[in-house]
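See below for the structure under consideration.
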């Protein structure tokens with residue numbers, strides 16, 4: 039079994055670069071510790087517990103349709119019935135199935151600071167000619183190697199911040215809406231990536247509209263996809279069951295056949 043989940047820690051770039059940073063603090067400890075830098079208090083008994091401040095889209099997580107699709111009653115652009123579909127309504131059987139891992143080369147066109155290289159429909163079609171067509175029930179996973187940038191401290195700025203905020207670093211590869219529609223036409227309803235987002239760093243909305251309007255589950259910020267074969271593994275994602283959630287972190291893992 040392979041763990042495909044990124045570790046959550048305050049020193050890691052776990053949250054979207056413009057969102058609330060992930061925080062983890064001790065609420066109660068076994069005993070009082072008088073440390074000026076990090077005091078600990080025993081207020082409720084001889085045990086330890088922590089509280090978390092966490093965005094729904096932190097670390098390895100799934101996007102629900104409500105993340106980008108407004109409810110019909112709002113009258114907003116892209117409003118649709120699926121805008122009321124929140125994360126606790128995603129069927130678990132949509133998040134488990136045969137993994138199909140698509141390797142994305144480092145030299146895709148359009149690579150520039152603050153711009154994500156585009157994974158196109160033509161690229162997917164060529165991959166299918168070489169590796170076999172995608173089919174109903176497949177879980178498509180884009181293996182870009184971007185998770186290797188998920189590092190603590192200033193090195194972690196390469197993961198999301200420099201591409202998204204300062205626009206002076208490369209962006210993670212991402213499919214455009216035509217590529218996503220091609221995948222959906224094959225009957226695929228769950229797509230994952232080891233990039234920060236399924237959308238590009240410069241224009242991420244289009245692919246989210248295309249996929250989430252069709253109730254495709256996007257699993258973002260995966261890790262360790264380099265440990266999976268192109269075909270043959272079984273993928274699973276188990277999200278937190280959050281009421282009215284636009285997404286949820288969870289645990290991603292895969293069963294890999296023993297050769």
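In the working numbering, the protein residues as written are 39 to 297. Ideal Cβ placement from N, Cα and C applies to all residues, glycine included.
Using 10 angstroms around the beta-carbon of residue i, count the other beta-carbons present and answer buried if the total reaches 16, otherwise exposed.
i: residue 258; result: buried
i: residue 191; result: exposed
i: residue 237; result: buried
i: residue 94; result: buried
i: residue 88; result: exposed
i: residue 45; result: exposed
i: residue 99; result: buried
i: residue 185; result: buried
i: residue 114; result: exposed
i: residue 73; result: exposed
i: residue 77; result: exposed
i: residue 217; result: buried
i: residue 110; result: exposed
i: residue 271; result: buried
For residue i, which residues does DSSP report across the bridge?
i: residue 230; result: 179, 257
i: residue 71; result: 78
i: residue 289; result: 276
i: residue 269; result: 138
i: residue 101; result: 256, 285
i: residue 90; result: 62
i: residue 41; result: 291
When the Cα of residue i is compared with those of the options, which residue comes out closest?
i: residue 273; options: 176, 67, 112, 147; result: 176
i: residue 214; options: 120, 185, 245, 113; result: 245
i: residue 263; options: 197, 255, 219, 182; result: 182
i: residue 278; options: 267, 270, 269, 290; result: 290
i: residue 219; options: 58, 210, 229; result: 229
i: residue 160; options: 147, 55, 62; result: 147
i: residue 55; options: 255, 250, 234; result: 234
i: residue 105; options: 293, 67, 250, 292; result: 250
i: residue 121; options: 156, 296, 252, 288; result: 252
i: residue 293; options: 53, 58, 135, 119; result: 135
i: residue 266; options: 101, 48, 125, 179; result: 179
i: residue 66; options: 49, 57, 86, 51; result: 86
Could you tell me the distance, in whole angstroms, from the CA atom of residue i to the CA atom of residue j?
i: residue 137; j: residue 71; result: 48 angstroms
i: residue 123; j: residue 103; result: 6 angstroms
i: residue 90; j: residue 169; result: 43 angstroms
i: residue 200; j: residue 84; result: 43 angstroms
i: residue 142; j: residue 172; result: 16 angstroms
i: residue 286; j: residue 127; result: 12 angstroms
i: residue 261; j: residue 275; result: 12 angstroms
i: residue 206; j: residue 242; result: 18 angstroms
i: residue 69; j: residue 239; result: 46 angstroms
i: residue 299; j: residue 130; result: Past the boundaries of the shown model lies residue 299; the chain is included only from 39 to 297, so the question cannot be answered.
i: residue 247; j: residue 64; result: 39 angstroms
i: residue 165; j: residue 280; result: 36 angstroms
i: residue 43; j: residue 97; result: 8 angstroms
i: residue 53; j: residue 225; result: 31 angstroms
i: residue 155; j: residue 61; result: 31 angstroms
i: residue 204; j: residue 82; result: 44 angstroms
i: residue 231; j: residue 75; result: 38 angstroms
i: residue 197; j: residue 152; result: 12 angstroms
i: residue 162; j: residue 101; result: 22 angstroms
Spell out whether any CB of chain D is found under 8 angstroms from the CB atom of residue i.
i: residue 122; result: Absence of chain D from the displayed structure is noted, only one protein chain being present.
- Note down, one range per segment and in chain order, each alpha helix (DSSP H) of at least 4 residues found wholly within the region 183-241. 199-202, 215-223
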